[in-house]
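Numbering (the numbering used here), first residue to last: 42 to 160.
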């Protein structure tokens, strides 16, 4: 959690909370969902999940826990009559891959890798 906060930043609205003297981040799992169309039916969600808990933060004993970054593309509502499920899934896969390539690698994965390598 602290590693995520260090690598990605907590954002201006929460910076002061993270800077309280003696404060240690024990939970920080950013998640963002955006709509890609006017009717909000096609959405992409980027989220992170850490397995660190308060006990580990308190004792300083951190196991080799995994850190996950999820990218989910989804469509709400019914498919158009001419659209098959295969077509819809393929379209969502392309969207998810574009988000990974254009946003996630440079803005999330590389900063995480740099921060982890410095530990």
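Yeah, the Cβ is synthetic: ideal placement off N, Cα and C, and Gly gets one too.
From 89, 98, 52, 48, residue whose alpha carbon lies closest to that of residue 63: 98
Buried versus exposed, by CB contacts within 10 Å (16 or more), residue 127: exposed
Beta-carbon proximity check, residue 91 vs residue 45, cutoff 8 Å: yes
Exposure label - residue 48; buried when at least 16 CB within 10 Å: buried
For residue 61, the three-state DSSP class (helix, strand or coil): coil
Assigned secondary structure, residue 87 (DSSP; H/G/I helix, E/B strand, else coil): strand
Selection from 42, 76, 113, 129 that minimises the alpha carbon distance to residue 119: 129
Test item: CB-CB of residue 72 and residue 86 under 8 Å: yes
Three-way DSSP call (helix, strand, coil) for residue 14 in this model: With the chain covering only 42 through 160, there is no way to say anything about residue 14.
N- and C-terminal bounds of the alpha helix (DSSP H) containing residue 127: 126-140
Residue 45: first and last residue of the uninterrupted alpha helix (DSSP H) it sits in: 43-49
Chain-order list of residues whose beta-carbon lies under 8 Å from that of residue 145 (same chain, five-residue window excluded): The residues are 87, 110, 112.
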